[in-house]
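Everything on this sheet refers to the single structure shown next.
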Amino acid sequence: MNSAVVVFPGSNCDRDMAEAIRIASGKAPQMVWHRESELPSGLDFIAIPGGFSYGDYLRCGAMAAQSPVMRSVKSAAERGVPVLGVCNGFQILTEAGLLPGALMRNAGINFICRDVALKVENSQSIFTSRYDNGAEIVIPVAHHDGNYQADEATLDRLEGEGRVAFRYVEECNGSARNIAGILNEGGNVLGMMPHPERMVEEAHGRSDGRRLFEGLLDAVSTTNGHSRMAVS
Amino acid sequence: MKVSVYVTLKNGVLDPQGKAIHHALEGLGFRGVNDVRVGKLIELDVDEAVAQAEIEEMCRKLLANMVIENFRIERQGQTTGHPAGQPA
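Line by line, the protein sequences give chains A and B.
When you read off a place in the first sequence, starting at 1, and then add 522, the result is the number in the numbering used here.
When you read off a place in the second sequence, starting at 1, and then add 119, the result is the number in the numbering used here.
Listed below in C-alpha cells is the structure:
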C-alpha cells in the first residue's frame, strides 16, 4: 500500500500514524510536508494526523485546511483515494470542507485524554470492514475540541446514509448524538476524534485500532487487483 | 483603512467558554448576568480598493466557520454582515 502522512507545523501524531501504517501494511508511508503542492503519485491512502497544526490559531484546523498540500488532498479525495483524518486531522477535514459539521470546544471545557469505548456503527466502509457491525472497541481520545456539531438536517442525513462510522458508547465531549467519526458521501474519507494509531500493538494494551488499517489494506489490495495473501 | 470583523457563534450553538465565564462571574459575586457568549474581533488593515464583497469572501473562506459562526464587518463606521449566515 502506497501511503502518505501529511505533516503540518504542530502535528504531533504523524510518527505514530506512520508506525501504525507500517505495522499494518508492512510498508512505511511517505511523510509529506504541508508546503508541498503535489502529493507523491500513485497513492493508495492519505492520512492527516493529530496534533495542534499552526498552534490551533483562529480555529483548530483552520490554517492547515488552507495549506498548499490540502488542495492536492482534496482532489485526491474527489478521485476516491481513501483519506483518514484523526483528531486534528478530523478538524482539518471539516475546515477544508471534505466533511460536514464542525468540532467545537469540549462541552465540559477540559482536555480529555483517556481510553473510550466506541460502537462501530457502520462496518461496511473501507475503514471498518474488519470490525463487526455494532461491535464495541476501545480507542483512546486526547483532545480539547472534539465536540462534533452540525445542524439537525446534516445529522439526520449522516445517520440515514450510514455515514456515522463510530459513536461514543458513553457521552464523552458533548458531541451531537455522541458522534465520534463520520464518513463523506463517497465513503472514502473518514474523520474521527479517537486515535486508532495509538492502539495497534499489544504493548499499547489493546490493538483495536489496528483493524482499521488492516481493513483499509484489504480494500486497497482488492482495488489494485492483488489478493490479500500476495500483499501480506 | 481599518476593518473590524466580529466573529460570533450562531444562536443555538452551545458555547462552553461563555458558560464557564458566566459561572466565574457568578463566583465573583456579580449578579444579573443572564448569559455570556464569547466571540472574536479580527482587525484588518486593507487598501481602500478592497471591495466589501472581497472582505465578505475572506470571512466566508477563512475568518469565520459558517457552520457554527456568523460575522459582522465594520468598515469606516459602516456595519454590514451576515447575522443570519447560511449554514454550510
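Glycine is no exception: its CB is placed at the ideal position from the N, C-alpha and C atoms.
- At least 9 Å separates the CB of Asn524 (chain A) from every CB of chain B.
- Residues of the region 596-626 of chain A with a Cβ closer than 8 Å to any Cβ of chain B, in chain order: Thr616, Glu617, Gly619, Pro622, Gly623, Ala624, Met626.
- In the DSSP assignment, Glu736 (chain A) falls within the unbroken alpha helix (DSSP H) covering 732-745.
- Scanning its chain for C-beta atoms nearer than 7 Å, with the 5 sequence neighbours on each side dropped, one finds around Gln613 (chain A) the residues Cys582, Gly583, Leu625, Asp667, in chain order.
- The Cβ atoms of His665 (chain A) and Asn700 (chain A) lie no closer than 9 Å to each other.
- Against chain B, the beta carbon of Ile631 (chain A) has neighbours under 9 Å at Pro135, Gln136, Lys138, Ala139, listed in chain order.
- For Val638 (chain A), the enclosing beta strand (DSSP E) starts and ends at 634-642.
- Using a Cβ distance threshold of 9 Å, Gly607 (chain A) and Ile570 (chain A) count as a contacting pair.
- In the DSSP annotation of this structure, the continuous segment of the beta strand (DSSP E) that includes Thr127 (chain B) starts and ends at 121-128.
- Annotated three-state conformation of Ala657 (chain A) is coil, per DSSP.
- Proximity of Leu181 (chain B) to chain A, defined by a Cβ-Cβ separation below 9 Å, is satisfied.
- Nearest to Ser575 (chain A) by alpha-carbon distance, out of A:Pro531, A:Gly548, A:Pro562, A:Ala546, is A:Pro531.
- Relative to the Cα of Thr745 (chain A), the nearest Cα in the group A:Pro622, A:Gly703, A:Pro604 belongs to A:Pro604.
- A residue is called buried when at least 16 other Cβ atoms come within 10 angstroms of its Cβ; Ser589 (chain A) meets this threshold and is buried.
- A direct Cα-to-Cα measurement between Ser559 (chain A) and His141 (chain B) gives close to 45 Å.
- In the assembly as shown, Cys635 (chain A) is an exposed residue. Its beta-carbon has fewer than 16 other beta-carbons within 10 Å.
- Here Leu182 (chain B) is near Ile161 (chain B), since their CB atoms are less than 9 Å apart.
- One alpha carbon belongs to Asn644 (chain A), the other to Asp740 (chain A), and they sit about 17 Å apart.
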